[in-house]
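So the sequence shown is numbered by my numbering: it starts at 31 and just counts up by one.
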Amino acid sequence: MSREGGIAIEGLSFAYPALHGREPSFALRDITLAVPKGEIVVLSGQSGSGKSTLLQCINGLVPHTVRGTREGGISVAGLDPADVDPADMSATVGTVFQNPDHQLFSFTVEEEVAFGPEQAGWAAARIGKGIHEALETMHLLHLRHRPLDELSWGERQRVAIASVIVTRPDILLLDEPFSGIDGQTAKALIRTLQRLNREKGMTIVLSEHRLDAICPLLKRLILLRNGTVAYDGNPRRTAVRDSTPPDARTCAEWHRPISSAPYDGGAAVPSVSLRSVSYTYPGASVPALDRISLDLFPGEIAVIAGANGAGKSTLMQHLNGLLRPDAGAVHVRGHDIATATVAETARTVGLIGQHADYQLFCETIRDELAFGPRNCRVPEEAIRQRIADLARHLAFQHLPLTAPPLCLSTGEKQRVAIAGILTMGTEVVAFDEPTLGLDPAVKCGLADLFGMLRDQGKTIIIATHDRAFTHRCADREIVLDAGHLASDRRIRPVPPREQAAEHCP
Numbered sequence: 031m032s033r034e035g036g037i038a039i040e041g042l043s044f045a046y047p048a049l050h051g052r053e054p055s056f057a058l059r060d061i062t063l064a065v066p067k068g069e070i071v072v073l074s075g076q077s078g079s080g081k082s083t084l085l086q087c088i089n090g091l092v093p094h095t096v097r098g099t100r101e102g103g104i105s106v107a108g109l110d111p112a113d114v115d116p117a118d119m120s121a122t123v124g125t126v127f128q129n130p131d132h133q134l135f136s137f138t139v140e141e142e143v144a145f146g147p148e149q150a151g152w153a154a155a156r157i158g159k160g161i162h163e164a165l166e167t168m169h170l171l172h173l174r175h176r177p178l179d180e181l182s183w184g185e186r187q188r189v190a191i192a193s194v195i196v197t198r199p200d201i202l203l204l205d206e207p208f209s210g211i212d213g214q215t216a217k218a219l220i221r222t223l224q225r226l227n228r229e230k231g232m233t234i235v236l237s238e239h240r241l242d243a244i245c246p247l248l249k250r251l252i253l254l255r256n257g258t259v260a261y262d263g264n265p266r267r268t269a270v271r272d273s274t275p276p277d278a279r280t281c282a283e284w285h286r287p288i289s290s291a292p293y294d295g296g297a298a299v300p301s302v303s304l305r306s307v308s309y310t311y312p313g314a315s316v317p318a319l320d321r322i323s324l325d326l327f328p329g330e331i332a333v334i335a336g337a338n339g340a341g342k343s344t345l346m347q348h349l350n351g352l353l354r355p356d357a358g359a360v361h362v363r364g365h366d367i368a369t370a371t372v373a374e375t376a377r378t379v380g381l382i383g384q385h386a387d388y389q390l391f392c393e394t395i396r397d398e399l400a401f402g403p404r405n406c407r408v409p410e411e412a413i414r415q416r417i418a419d420l421a422r423h424l425a426f427q428h429l430p431l432t433a434p435p436l437c438l439s440t441g442e443k444q445r446v447a448i449a450g451i452l453t454m455g456t457e458v459v460a461f462d463e464p465t466l467g468l469d470p471a472v473k474c475g476l477a478d479l480f481g482m483l484r485d486q487g488k489t490i491i492i493a494t495h496d497r498a499f500t501h502r503c504a505d506r507e508i509v510l511d512a513g514h515l516a517s518d519r520r521i522r523p524v525p526p527r528e529q530a531a532e533h534c535p
């Protein structure tokens, strides 16, 4: 079964241990597949279908670090990962995780990328050359000496990839690598992966929900469903409409034209106003926001777009006072929030950050969802009803409310975090990359939920690179460029006859 140089899996099953009253959970069931050396394979499937678990079986985190029961056989470059220490396995298999913060630990970009070669005992000259090539490949040379904590999430994602490819492993595993990067960076990453595969013979396995963003890599697609292989083939050659996620069959309703006219809120009273807001991070020489002025209105869904590092997350954190402007002012319902506490502003403006791991802290899902409204003295019966409604809208009603949220899959944690903000019932809700880890079906439900909240008069603000998602539900696109307001346009609705089109050209 060795399939020397590649990956061979036969009858692989894996079950997580029972936790907090839950039955032992089979994440993988009787998986059999082979990935020849030098192939590019895309894994897809619903949240919780087993994609991340399968990658962890390949790199040896299962069973060395991740507890559970593994059955069946697996060979990676002739080695069984269960018999090899993960540190030794990393010389053959490089892994980029969903959250770059889970693998970045150095102070600067250069130090992070240098760590792998240093541990491998490379000579100083070779280390320097490797660092330069990896940073150049990921378009990071200008950030070489920048502290990691001054980078945007997308920039940190690129550093994580550079830190893995610098040692040129035979096999490269990437878990949702396109989820937090802008369109131009995504195109560059596709070219990089193609070049590594073509020139270095690197075997590449990546998991991804946004199949529309990686079409050039879609030569072999493996769809997982409930831990089993539902489809394995070339989606360009095979009719797989019943198996392929909606993102692989993008419809016209996901692409709505942007008006050429500047956005005008009319006579409506803004929910949130920014007036010449500027902000520079401590130690930085360039402002993250530079004299931003805009109004956000009730009954609208506004998208904050722009490249990695454009200032989107910084702007979002000003909306509820997590960050305070160096100059200018933020008004919520007409009041300057400069003297208000974050807790006070949070009763009006709810904010969810980029990663659920940083927002979930209670022992059970129920306590997580009830935490905010309980602190606002919402009656328990109203809280129970809000939780039930959101569980239905966000498709996590199958999860036991007694389960610990941090033991869920990435997509499930994201849904619980979103629900935890929405149970507050705030007038303004801001979401920073809300679709991270979400499969197409859940994203459709989330878009519909946002539309329902807009119809209730809520102000919905979304910072994201997922244009397909936002063009399904958004009314307005605000583009930032290097901390400046580059454009503010309305997204025109698509007539029903255009939405009926089954395929895009």
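Positions of the beta carbon are idealized from the N, C-alpha and C atoms, including for glycine.
Can you say whether Thr-456 is buried or exposed, counting buried as having 16 or more other CB atoms within 10 angstroms of its CB?
buried
In or out: Leu-171 buried (at least 16 other Cβ within 10 Å) or exposed?
exposed
Over the uninterrupted beta strand (DSSP E) stretch that includes Arg-59, give me the two end residues.
55-65
Shortest alpha-carbon distance to Leu-236 belongs to which of His-162, Asp-505, Ile-88 and Ala-144?
Ile-88
If I follow the unbroken alpha helix (DSSP H) through His-423, where does it start and stop?
410-423
Just mark Pro-435 as buried or exposed, buried being the case when its beta carbon has 16 or more other beta carbons within 10 Å.
buried
Could you tell me the distance, in whole angstroms, from the CA atom of Glu-283 to the CA atom of Met-168?
Confidence is the limiting factor: at Glu-283 the pLDDT is only 40, short of 50, which leaves the residue's position unreliable and the question unanswerable from this model.
Report yes or no: do three or more beta-carbon pairs, one from the stretch 323-343 and one from the stretch 500-507, lie closer than 8 Å?
yes
Mind reading off the beta-carbon distance from Asp-262 to Leu-63? Whole number of angstroms is fine, and I expect it under 8 Å.
6 Å
Taking the C-alpha atoms as reference points, what is the distance between Thr-122 and Ile-451?
42 Å
Helix, strand or coil, according to DSSP, for Pro-177 in the structure here?
strand
Check: Trp-152 C-beta below 6 Å from any heavy atom of the ligand ATP:
The ligand ATP is absent from the structure shown, which contains no ligand whatsoever.
Reducing DSSP to helix, strand and coil, say where Val-139 ends up.
helix
Pick from Gly-68, Gly-90, Lys-217 and Val-126 that is closest to Glu-229, judged by C-alpha positions
Gly-68
CB-CB under 7 Å to Lys-605, same chain, minus the five flanking residues each way: which ones, in chain order?
The first residue shown for the chain is 31 and the last is 535, placing residue 605 beyond what the model contains.
Measure the beta-carbon distance from Ala-460 to Met-346 and round it to whole angstroms, keeping in mind my assumption that it falls under 8 Å.
5 Å
Between which two residues does the alpha helix (DSSP H) holding Val-401 run?
Here residue 401 turns out to be Phe, not Val, going by the sequence shown. Taken as a continuous stretch (DSSP letters only), the alpha helix (DSSP H) holding Phe-401 covers 395-405.
I need the DSSP call for Ser-301, collapsed to helix, strand or coil.
coil
By the 10 Å Cβ neighbour count, where 16 or more other Cβ atoms means buried, how is Gly-487 classified, buried or exposed?
exposed
Mind listing, in chain order, the continuous beta strand (DSSP E) runs of no fewer than 3 residues lying wholly within the stretch 197-258?
201-205, 233-237 and 251-255
Within the continuous alpha helix (DSSP H) that includes Thr-167, where are the two ends?
154-167
Note down the Cα distance separating Gln-415 from Phe-426, rounded to an integer number of angstroms.
15 Å
So what does Gly-75 bridge to, in DSSP terms?
Leu-254
Can the beta-carbon of Ala-498 be found closer than 7 Å to that of Asp-242?
yes
If I follow the unbroken alpha helix (DSSP H) through Gly-441, where does it start and stop?
440-452
Measuring only the C-alpha atoms, how far is Ile-70 from Leu-203?
10 Å
Outcome for Glu-411 when other beta-carbon atoms lying within 10 angstroms are tallied against a minimum of 16:
exposed
State the DSSP-derived secondary structure class of His-94, mapped to helix, strand or coil.
helix
Using a Cβ-Cβ cut-off of 8 Å (strictly less than) and excluding sequence neighbours within five positions of Val-360, which residues of its own chain qualify?
Val-302, Ser-303, Leu-304, Arg-305, Val-307, His-348, Leu-349, Gly-351, Asp-366, Ile-367 and Ala-368
Could you compute how far the alpha carbon of Arg-321 sits from the alpha carbon of Thr-394?
42 Å
Using DSSP bridges, identify the partner residues of Val-307.
Ile-322
Pick out whichever of Ile-195, Val-114, Asp-212 and Leu-181 has its Cα sitting closest to the Cα of Gln-16.
With the chain covering 31 to 535 only, the question about residue 16 has no answer from this structure.
Is Gln-86 buried or exposed, if buried means 16 or more other CB atoms sit within 10 Å of its CB?
buried
Residue of Gln-76, Ile-37, Val-72 and Arg-97 minimising C-alpha distance to Phe-44
Arg-97
Please check the pair Ala-318 and Gly-513, which I expect to be a contact at CB under 8 Å, by giving their CB distance rounded to whole angstroms.
5 Å
Collapsed DSSP secondary structure at Phe-391 in the structure displayed:
coil
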